[in-house]
Amino acid sequence: MERLSMTLRTTLLLLCLISGGGMVVYSQKTWCIAKPSTGDVALVDNIGYACSTVDCTVFQEGNPCFYPNNNISHASIAMNLYYQSRGRNYWNCNFGNSGVIVSTDPSFGGCNYM
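Using mature numbering (1 follows the signal peptide of the UniProt record, and there is no 0), the letters of the sequence shown correspond one by one to residues -27 to -1, 1 to 87.
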């Protein structure tokens, strides 16, 4: 019994170390958005990458998240759609170090971040 307890403690310790402190409490809602300092080329690349795997019609013209019609807004929406669809893991918000996880809902007006 003592051996099992020691094995369990060791396993838990290793999991904590491996996670690098990046574990999120699952009851806490989080969103992924683009860092404000991200350049346009990276933002466009992020939109292309995210939208190749998730439906990004929400920010197409005529849809609720079209405005503001700029790369930072559209990239943030696309990056968040990708992040949410992949289980909200911190590594799914990296985007070449141009994404940041926030705990404040970035939704605005009729544009609802999922």
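A virtual CB, placed ideally from N, CA and C, is assigned to each residue, including glycine.
Alpha-carbon to alpha-carbon, N65 and V31: 20 Å
Proximity to Q1 [Cα-Cα], best of V75, G69 and D28: V75
Distance, Cα to Cα, P37 vs I50? Roughly 11 Å separates the two Cα atoms.
Might you give, ordered along the chain, the residues of its own chain that have their beta carbon closer than 7 Å to the beta carbon of T26, omitting 5 neighbours on each side? Cβ within range, chain order: Y55.
Using beta-carbon positions only, say whether I45 and A7 come within less than 7 Å of one another. A contact, by the Cβ cut-off of 7 Å.
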